[in-house]
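Undergrad: Pasting in a structure now, in structure tokens, and then I'll have a few things to ask.
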Amino acid sequence: MSSLISSVKPMCDQAVAVLHDVLPRHELIDVFPTVMPEGVDNGLKYVEQDGEEPFRYSHYVAKPLWEILRKCRDQLESDEQLISRRMANELEIEQEIIAQGDHVRQLKGDPSASEDVKKEAIERLLRLKLTYKEITGKEYAAVTTHRQKEKKSAVNKKQELKTDGKKVTKLGIEISKDENYSEWYSQAWFDCGIKKLGVKNCYFPMFVSSAALEREKTHIADFAPEVAWVTRAGSSEMAEPVAIRPTSETVVYPSYKKWVQSHRDLPIKLNQWCNVVRWEFKHPTPFLRTREFLWQEGHTAFATREEAEKEVFQILDLYAGVYIDLLAIPVIKGRKSEKEKFAGGDFTTTVEAYVPCNGRGIQGATSHHLGQNFSKMFDISFEDPVSGGKAYAWQNSWGLSTRTIGAMVMIHADDNGLVLPPKVAAVQVIVLPVGITAQTPDEERKRIMRTAEELVKFLVDVDIRAEADLRENYSPGWKFNHWELKGVPVRLEIGPKDLAADQVTVVLRYNGQKHAVKWSRIVDECKRLLEEIHINMYSKVLTARDTHMKICYNFEEFKQLLDEKFILLSPFCGEIACEDEIKKASTKEEADGGASLMGAKTLCIPLEQPKETLPDQCIFPACKNKARFFALFGRSY
Numbered sequence: 001m002s003s004l005i006s007s008v009k010p011m012c013d014q015a016v017a018v019l020h021d022v023l024p025r026h027e028l029i030d031v032f033p034t035v036m037p038e039g040v041d042n043g044l045k046y047v048e049q050d051g052e053e054p055f056r057y058s059h060y061v062a063k064p065l066w067e068i069l070r071k072c073r074d075q076l077e078s079d080e081q082l083i084s085r086r087m088a089n090e091l092e093i094e095q096e097i098i099a100q101g102d103h104v105r106q107l108k109g110d111p112s113a114s115e116d117v118k119k120e121a122i123e124r125l126l127r128l129k130l131t132y133k134e135i136t137g138k139e140y141a142a143v144t145t146h147r148q149k150e151k152k153s154a155v156n157k158k159q160e161l162k163t164d165g166k167k168v169t170k171l172g173i174e175i176s177k178d179e180n181y182s183e184w185y186s187q188a189w190f191d192c193g194i195k196k197l198g199v200k201n202c203y204f205p206m207f208v209s210s211a212a213l214e215r216e217k218t219h220i221a222d223f224a225p226e227v228a229w230v231t232r233a234g235s236s237e238m239a240e241p242v243a244i245r246p247t248s249e250t251v252v253y254p255s256y257k258k259w260v261q262s263h264r265d266l267p268i269k270l271n272q273w274c275n276v277v278r279w280e281f282k283h284p285t286p287f288l289r290t291r292e293f294l295w296q297e298g299h300t301a302f303a304t305r306e307e308a309e310k311e312v313f314q315i316l317d318l319y320a321g322v323y324i325d326l327l328a329i330p331v332i333k334g335r336k337s338e339k340e341k342f343a344g345g346d347f348t349t350t351v352e353a354y355v356p357c358n359g360r361g362i363q364g365a366t367s368h369h370l371g372q373n374f375s376k377m378f379d380i381s382f383e384d385p386v387s388g389g390k391a392y393a394w395q396n397s398w399g400l401s402t403r404t405i406g407a408m409v410m411i412h413a414d415d416n417g418l419v420l421p422p423k424v425a426a427v428q429v430i431v432l433p434v435g436i437t438a439q440t441p442d443e444e445r446k447r448i449m450r451t452a453e454e455l456v457k458f459l460v461d462v463d464i465r466a467e468a469d470l471r472e473n474y475s476p477g478w479k480f481n482h483w484e485l486k487g488v489p490v491r492l493e494i495g496p497k498d499l500a501a502d503q504v505t506v507v508l509r510y511n512g513q514k515h516a517v518k519w520s521r522i523v524d525e526c527k528r529l530l531e532e533i534h535i536n537m538y539s540k541v542l543t544a545r546d547t548h549m550k551i552c553y554n555f556e557e558f559k560q561l562l563d564e565k566f567i568l569l570s571p572f573c574g575e576i577a578c579e580d581e582i583k584k585a586s587t588k589e590e591a592d593g594g595a596s597l598m599g600a601k602t603l604c605i606p607l608e609q610p611k612e613t614l615p616d617q618c619i620f621p622a623c624k625n626k627a628r629f630f631a632l633f634g635r636s637y
């Protein structure tokens, strides 16, 4: 009721001035039927107020006071009717917004819906929200009903019960994405891709017994120097040390042995997102070569070799998609040489990227065909349905790590900081108010701030990840530097001049270009720019790589081009001893006695071989073996 009185404040203030000592303001309306009826013009009038002490008015104030109160009552009744109509309109427009929002979501999920239809539906939704603001004076906010809250609460309680350690009966894993890992969108994208292939997520222990590691000496040979061992528990020496997993084959496959009893139990397709530890002796580099890192590792088992090999290349295509479609990084798909392949596997496939700033190659992800090596070792076997004899499973393993972030930073960043591809940027568009000084009128400052907030809402409504930086304790210049450092793809600036011209100033992070866009076109322009930025960032890196990739047949030229930041396609015999000699011969000693530049190694044997005729001679002059294929050589991480 106090809100109704405040709507006719000028008249109510006169009544309150008389009544404030004897009657609470919120009870003013309750007095209307009883205080000073019309016709009473002398004597005293007593008014009872819910058991309170009676108060009295003199006839000298009775009629003037009554006139004031009567006018207040009439005005309040009129305002009540107006507010009732507004509330009805508000409810009606809310229902329209909810219905239109549902319609927009249906269109977004309908592949057959045209972009024009979707655009028209979104524009109508935005118009409805503006109408709501005009009617109510406030922004529209989605309403959660009491029933929905109760349902959500019940679900949360149910989940809490399920996660009670005493009641869990099956091994499971729950993954949540924190905003600090926003750049690792490859997790969500890749996880969706492998689920389409029938892969399920799981989790295995991180500790490995020494007996389990010893079981596969060939496999662990590559990791032996990097294995971290736990030798003490508190102040006591452990009877037997345990290792922290460098990879999980020896942890997972004993379970596969138990699960596979028949060919009908295959295939098994499991993946886990976890951390591993490899105690590097080299100087660690964040994201590129660290002692602990996050990754996914998939482990699958099949009844036939054909099924297993098919999956190896399906996974490789997904890894290539992570780099090309999300990170705007071109990659070369290939097989690893015998020297570089995964120990214990039949063959390893890889995606390799090029880092323009130092001319090095970087391994993006690997997909391994393990053959029957591990299944024979761990006795993952079944009865052959045709011959009736004992058959071993055909296995794969494949992994992608947070090295993706390191590759993205090295390849796209510049002297001003990160340059994030739009599809993995936590914030795709940042909106900054500019041109506000101490002399700016308060109303104009507020208008600029409101406009920035409205623009963010429009962008978010079309699924663009946008934020506004409205902090007033930092200058625009500081904010420019701050968001450039973070690599946000698009910056929108709104100042007094922009408002006057009905425009927004757009600045692109990857090339620094700046231009103005009319307010009516800004949402569509941002959508277009985000697509264009991804394409142009990819093209820039592709051009840099292709201009520094060359077919080379002469080893002296090979060494010279290597120092000029080239990666080289050269004929190669594939022998481990020959690759060792190539690396040794191409190592460059610094003249001032500083650290030497590592020699070249095979990055991969490209699946798509050059069209040029392969010569008989291997690239290494002293090698007498016949060249078998073109291999991609380069310095690497």
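Numbers 1 to 637, taken from full-length UniProt numbering, label the letters of the sequence shown in order.
In this text, a Cβ means the ideal position worked out from N, Cα and C, and glycines have one as well.
Small disclaimer: the values here were computed from a predicted structure and weren't measured.
1. Using a Cβ-Cβ cut-off of 6 Å (strictly less than) and excluding sequence neighbours within five positions of Val-168, which residues of its own chain qualify?
2. Determine the extent of the alpha helix (DSSP H) in which Arg-305 is found, giving its start and end residues.
3. Only counting runs of 4 or more residues, tell me where the alpha helix (DSSP H) segments fall wholly within the stretch 564-625, in order along the chain.
4. Below 8 Å between beta carbons: does that hold for Arg-635 and Leu-607?
5. For the beta strand (DSSP E) containing Phe-204, list its first residue and its last residue.
6. Alpha carbon to alpha carbon, how far is Leu-288 from Ile-268? Give it in angstroms, no decimals.
7. Chain C beta carbons: is any one of them nearer than 8 Å to that of Ala-228?
8. Given Gln-617, which residues of its chain have a CB within under 7 Å of its CB, disregarding the five upstream and five downstream residues?
9. Got a sec? Which residues, its chain only, sit under 7 Å from Asp-302 by beta carbon, not counting five neighbours each side?
10. State the Cα-Cα distance for the pair Phe-633 and Pro-286, rounded to the nearest angstrom.
11. Using CA atoms only, rank isn't needed, just tell me which of Pro-610, Phe-558 and Glu-240 is closest to Ala-585.
12. Quick one: Cα of Val-208 to Cα of Ala-239, how far?
13. Would the stretch 429-441 count as touching the stretch 102-111 if we require 3 or more Cβ pairs under 8 Å?
14. Could you name the residues of the same chain whose beta carbon sits closer than 6 Å to that of Ala-113, not counting the 5 residues immediately before and after it, in chain order?
15. Using DSSP with H/G/I as helix, E/B as strand and the rest coil, what is Glu-292?
16. Taking the C-alpha atoms as reference points, what is the distance between Ala-622 and Gly-574?
17. Can you name the start and end residues of the alpha helix (DSSP H) that Cys-526 belongs to?
18. Taking the continuous beta strand (DSSP E) assigned at Phe-458, which residues delimit it?
19. Nearest to Ser-401 by alpha carbon, out of Glu-338, Leu-370, Gly-364 and Val-541?
20. On the criterion of 16 or more Cβ atoms from any shown chain inside 10 Å, does Glu-297 qualify as buried, or is it exposed?
21. On the criterion of 16 or more Cβ atoms from any shown chain inside 10 Å, does Gly-399 qualify as buried, or is it exposed?
22. Check each candidate in Arg-471, Ala-407, Pro-489 and Pro-441 and name the one with the smallest Cα separation from Ala-426.
23. Can you pull the DSSP bridge partners for Lys-269?
24. Using DSSP bridges, identify the partner residues of Thr-131.
25. For the stretch 511-530 against the stretch 546-555, are there 3 or more C-beta pairs whose distance is under 8 Å?
26. Give every residue of the same chain whose Cβ lies closer than 6 Å to the Cβ of Ala-328, excluding the five residues on either side of it in the sequence, and list them in chain order.
27. So Ile-522 and Val-507 are in contact, right, with Cβ under 8 Å, and what is the actual spacing, rounded?
28. By alpha-carbon positions, which one of Ser-262, Gln-609, Leu-561 and Trp-229 ends up nearest to Glu-383?
29. Verify whether the separation of the beta carbon atoms of Lys-333 and Thr-349 is less than 8 Å.
30. Within the same chain, show all residues whose beta-carbon is closer than 7 Å to that of Val-517, passing over the 5 residues directly before and after it, in chain order.
31. Hey, quick one: how far does the alpha helix (DSSP H) through Lys-376 stretch, first residue to last?
32. Per DSSP, what are the beta-bridge partners of Leu-125 in this structure?
33. When you compare only the Cα positions, how much space is there between Tyr-140 and Lys-129?
34. Using 8 Å as the threshold, is the stretch 437-451 in touch with the stretch 410-424, meaning 3 or more CB pairs across them?
35. If we ignore side chains and look at the alpha-carbon of each, how far apart do Glu-472 and Tyr-132 end up?
36. From this set, Ser-381, Thr-250, His-515 and Thr-300, which residue's C-alpha is nearest Asn-271's C-alpha?
TA: Let's see:
1. Here Val-168 scores only 36 on pLDDT, less than 50, and its place in the model should not be relied on; the value that follows carries that caveat. Counting only Cβ-Cβ distances below 6 Å, and skipping sequence neighbours, we find nothing.
2. Counted as a single uninterrupted DSSP element, the alpha helix (DSSP H) harbouring Arg-305 occupies residues 305-321.
3. Runs found: 576-585.
4. 8 Å or more divides the Cβ of Arg-635 from the Cβ of Leu-607.
5. Neither: Phe-204 is in no beta strand (DSSP E) and is coded neither H nor E.
6. One C-alpha to the other measures close to 31 Å.
7. In the displayed structure, chain C is absent; only one protein chain is listed.
8. Excluding the 5 residues flanking it on each side, Gln-617 has same chain C-beta neighbours closer than 7 Å at Pro-571 and Ala-627, in chain order.
9. The sequence shown places Phe at residue 302, rather than the Asp named in the question. By the criterion of a C-beta distance shorter than 7 Å, Phe-302 is surrounded in its chain by Leu-266, Pro-267, Ala-308, Ala-393 and Trp-394, once the five residues flanking it on both sides are discounted.
10. The straight-line gap separating the alpha-carbon atoms of Phe-633 and Pro-286 is approximately 24 Å.
11. Among Pro-610, Phe-558 and Glu-240, the Cα nearest to that of Ala-585 belongs to Phe-558.
12. Taking the straight line joining both Cα atoms gives about 14 Å.
13. Taking one beta carbon from each stretch, the stretch 429-441 and the stretch 102-111 have fewer than 3 pairs nearer than 8 Å; the two do not touch.
14. So the qualifying residues of the chain are Leu-107.
15. In this structure, Glu-292 counts as strand in the three-state DSSP scheme.
16. If you take the alpha carbons of Ala-622 and Gly-574, they lie about 14 Å apart.
17. Taken as a continuous stretch (DSSP letters only), the alpha helix (DSSP H) holding Cys-526 covers 522-547.
18. Note, Phe-458: premise wrong, no beta strand (DSSP E); alpha helix (DSSP H) at 442-461.
19. Checked all of Glu-338, Leu-370, Gly-364 and Val-541; the closest Cα to Ser-401 is Gly-364.
20. With 16 or more other CB atoms across the displayed protein chains lying within 10 angstroms of its CB, Glu-297 is buried.
21. The Cβ neighbour count for Gly-399, taken over all protein chains shown within 10 Å, is at least 16; the residue is labelled buried.
22. Looking at the Cα atoms, Pro-489 is the closest of the given residues.
23. In the DSSP assignment, the residues bridged to Lys-269 are Thr-300.
24. Per DSSP, none; premise fails for Thr-131.
25. Cβ pair count under 8 Å is below three, so no.
26. Closer than 6 Å at Cβ, skipping near neighbours: Pro-421, His-534, Met-537 and Tyr-538.
27. Actually they do not touch by this definition, with Cβ atoms about 13 Å apart.
28. Distances from the CA of Glu-383 to each of Ser-262, Gln-609, Leu-561 and Trp-229 were compared; the closest alpha carbon is that of Ser-262.
29. In terms of Cβ geometry, Lys-333 and Thr-349 form a close pair [threshold 8 Å].
30. These residues qualify, in order along the chain: Gln-503, Val-504, Val-506 and Glu-525.
31. Per DSSP, the unbroken alpha helix (DSSP H) holding Lys-376 starts and ends at 373-377.
32. For Leu-125, which the question treats as bridged, DSSP gives no partner whatsoever.
33. Cα to Cα, the separation comes out at about 6 Å.
34. Not touching, per the Cβ criterion.
35. Between the alpha carbons of Glu-472 and Tyr-132 lies a gap of roughly 29 Å.
36. Of the listed residues, the one whose Cα sits closest to Asn-271 is Thr-300.
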